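Notes follow once the structure below has been shown.
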Amino acid sequence: MAAIIAVALLFGWFSIRWQIGNMLGSLTQPNAPNAAAIADFAYGLSPNDPMTNWLRASIFKEDFTNDGAALSVASFEDMVRNAPHDHRAWVELARGLEQAEQFERSEKAFRRAVELAPNYSYSHWHLANFYLRRGRETEAINEFRVAAETSSEYREQVLSIAWEYFDKDPKRLEELTGSKPEVRAGLAKFYAAKELAPESLRVWNSLTPEEKQAHQDIARIVTQALYEKRYFRSAASFVHQLAIEPQAKIGEVQNGGFESPILEEAQKVYFNWKIVKLDKVEAKPDQFKKREGGRSLRISFNGFTGIEIKNVWQVVAVESSKRYRLRFWVRTENLKSAGTPLIEVVNANDDKIIATSAAFPTETNEWSEIKLEFSTPANAEGILLRLDRAYCGDACPIVGTVWIDDVKLES
Numbered sequence: 032m033a034a035i036i037a038v039a040l041l042f043g044w045f046s047i048r049w050q051i052g053n054m055l056g057s058l059t060q061p062n063a064p065n066a067a068a069i070a071d072f073a074y075g076l077s078p079n080d081p082m083t084n085w086l087r088a089s090i091f092k093e094d095f096t097n098d099g100a101a102l103s104v105a106s107f108e109d110m111v112r113n114a115p116h117d118h119r120a121w122v123e124l125a126r127g128l129e130q131a132e133q134f135e136r137s138e139k140a141f142r143r144a145v146e147l148a149p150n151y152s153y154s155h156w157h158l159a160n161f162y163l164r165r166g167r168e169t170e171a172i173n174e175f176r177v178a179a180e181t182s183s184e185y186r187e188q189v190l191s192i193a194w195e196y197f198d199k200d201p202k203r204l205e206e207l208t209g210s211k212p213e214v215r216a217g218l219a220k221f222y223a224a225k226e227l228a229p230e231s232l233r234v235w236n237s238l239t240p241e242e243k244q245a246h247q248d249i250a251r252i253v254t255q256a257l258y259e260k261r262y263f264r265s266a267a268s269f270v271h272q273l274a275i276e277p278q279a280k281i282g283e284v285q286n287g288g289f290e291s292p293i294l295e296e297a298q299k300v301y302f303n304w305k306i307v308k309l310d311k312v313e314a315k316p317d318q319f320k321k322r323e324g325g326r327s328l329r330i331s332f333n334g335f336t337g338i339e340i341k342n343v344w345q346v347v348a349v350e351s352s353k354r355y356r357l358r359f360w361v362r363t364e365n366l367k368s369a370g371t372p373l374i375e376v377v378n379a380n381d382d383k384i385i386a387t388s389a390a391f392p393t394e395t396n397e398w399s400e401i402k403l404e405f406s407t408p409a410n411a412e413g414i415l416l417r418l419d420r421a422y423c424g425d426a427c428p429i430v431g432t433v434w435i436d437d438v439k440l441e442s
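In short: position in the sequence shown from 1, add 31, done, that's our numbering.
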């Protein structure tokens, strides 16, 4: 019985020592205060634990003397000896060997890590960077390609490094990415973030309909990025393909007859009407008075005195440097003001007004068509159609009702 108790106590003591050493090795950062003292203490408790050896090696690695490099490599070798099948341990050894300028041994350690975990991007990523630092471009590209194909986390890093390394050459970058759909979709996202809208759309369109459907989450991110960066033509193509706004097309007003619901400004919509709530102004579809179809848009004013209205608007993707004609129909009822509503055409790329329609007629008038011709500037990818008013002073009241219907853009 005494022997059993002694063995149990001895086992418990060594087990506790190992657990404490492992915990300290795992939780202590190499750059933490007193890290060296903690590493020595942890190593004394558990000299054969991979984590205590990793901590000591990482601390020695920061000592840029010859002794520091040698001690770091020795500790990494102890770590590998105690965890021979852990690919991460081999990567750490390889990095230590590279810092010690033992490049041949470093490559062998990196390759051993890849052999142990051929389907893990971590080892391929580090081997690729090693080859790139050694100027071995072809081998680096092969390893980067594997890392990009097996991990979305490393994919963006691979694309960023390759983009700079290849002097921002899309052709070279796309040679690296290969043809796997998840990588191509990631590349479309990368191009959108770099404000390369044509390249983003081109890569996206290289996917099959099934592949596009499988990567709609990426396409939505791309769409948002392109829209926010004001690449409206490419964004319109994305929302059309994704069926987010299937009617969105370049050079066409969506829901020009106001037959479909209109969302508030805060709701997610790209190329459709939006309404901003204003005090003493109400804008909503009207099914009782319309020029054609089932509805029109009614805007009622109840003593509004603001200088600007701008409560109804839509972005339309357009071609640059092109002639367009905007047509719409207006009806008024008891409309009174020295500054009645009108429609503005604004360059959505720089917020400058391109053209302004005639002010709507006062009093009561049946449906009449208003036409407005304009040319889009060279920098315009989209125009903003919005309701505003003619200027009539800082406190100019407006009362009455306006109906708008059948808004069309022609080229």
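The C-beta atom is built at its ideal place from N, Cα and C for all residues, glycine as well. Computed from a predicted model, the values in this text were never measured in an experiment.
Please state the DSSP three-state secondary structure of residue i.
i, result
"residue 241", "helix"
"residue 431", "strand"
"residue 355", "strand"
"residue 217", "helix"
"residue 227", "coil"
"residue 439", "strand"
"residue 337", "coil"
"residue 345", "strand"
"residue 273", "coil"
"residue 249", "helix"
"residue 161", "helix"
"residue 56", "Bear in mind that a pLDDT of 47 at residue 56, under 50, signals an unreliable position, so the number given afterwards is only what the model happens to contain. Helix at residue 56."
"residue 401", "strand"
"residue 305", "strand"
"residue 181", "helix"
"residue 199", "coil"
"residue 261", "coil"
"residue 27", "Given a span of 32 to 442 for the chain in the structure shown, any question on residue 27 remains unanswerable."
"residue 393", "coil"
"residue 211", "coil"
Please check the pair residue i and residue j, which I expect to be a contact at CB under 8 angstroms, by giving their CB distance rounded to whole angstroms.
i, j, result
"residue 257", "residue 237", "Wrong, their Cβ atoms sit about 17 angstroms apart, outside the cutoff."
"residue 439", "residue 189", "Not confirmed; about 47 angstroms, so no contact."
"residue 415", "residue 374", "In fact, because the Cβ distance is near 11 angstroms, the residues do not count as touching under 8 angstroms."
"residue 289", "residue 198", "Not really, about 50 angstroms apart at Cβ, beyond 8 angstroms."
"residue 263", "residue 413", "3 angstroms"
"residue 249", "residue 216", "5 angstroms"
"residue 137", "residue 147", "Not confirmed; about 16 angstroms, so no contact."
"residue 165", "residue 134", "7 angstroms"
Identify, in the order they occur along the chain, each residue of the same chain with its Cβ nearer than 7 angstroms to the Cβ of residue i, setting aside the five sequence neighbours on each side.
i, result
"residue 252", "220"
"residue 222", "230, 231, 234"
"residue 150", "181"
"residue 156", "178, 185"
"residue 145", "154, 155, 158"
"residue 203", "197"
Taking DSSP's pairing of strands, which residues face residue i in a bridge?
i, result
"residue 419", "373"
"residue 410", "Answer by DSSP bridge pairing: none, since residue 410 is not bridged."
"residue 332", "312, 431"
"residue 327", "317"
"residue 387", "375"
"residue 232", "Bridge partners of residue 232: none, in fact."
"residue 280", "Note: residue 280 sits in no beta bridge, so no partner."
"residue 362", "434"
"residue 367", "430"
Can you name, in chain order, every residue of its own chain whose Cβ lies under 6 angstroms from the Cβ of residue i, other than the five neighbours on each side?
i, result
"residue 117", "none"
"residue 300", "294"
"residue 428", "334, 336"
"residue 408", "378"
Which residues in the same chain have their Cβ closer than 8 angstroms to the Cβ of residue i, if we skip the five residues on either side of it in sequence?
i, result
"residue 225", "194"
"residue 390", "370, 371, 372, 373, 420, 421"
"residue 339", "419, 420"
"residue 246", "212, 213, 216, 238"
### Message
Would you call the region 399–412 in contact with the region 288–305, where contact means no fewer than 3 C-beta pairs closer than 8 angstroms?
### Response
no
### Query
Given 8 angstroms as the limit, is there contact between the region 379–397 and the region 326–337, that is, 3 or more CB pairs closer than that?
no
### Query
Any chance the region 341–357 sits against the region 404–414, with 3 or more Cβ pairs inside 8 angstroms?
yes
### Query
Does the region 344–351 touch the region 312–322, meaning 3 or more C-beta pairs lie closer than 8 angstroms?
no
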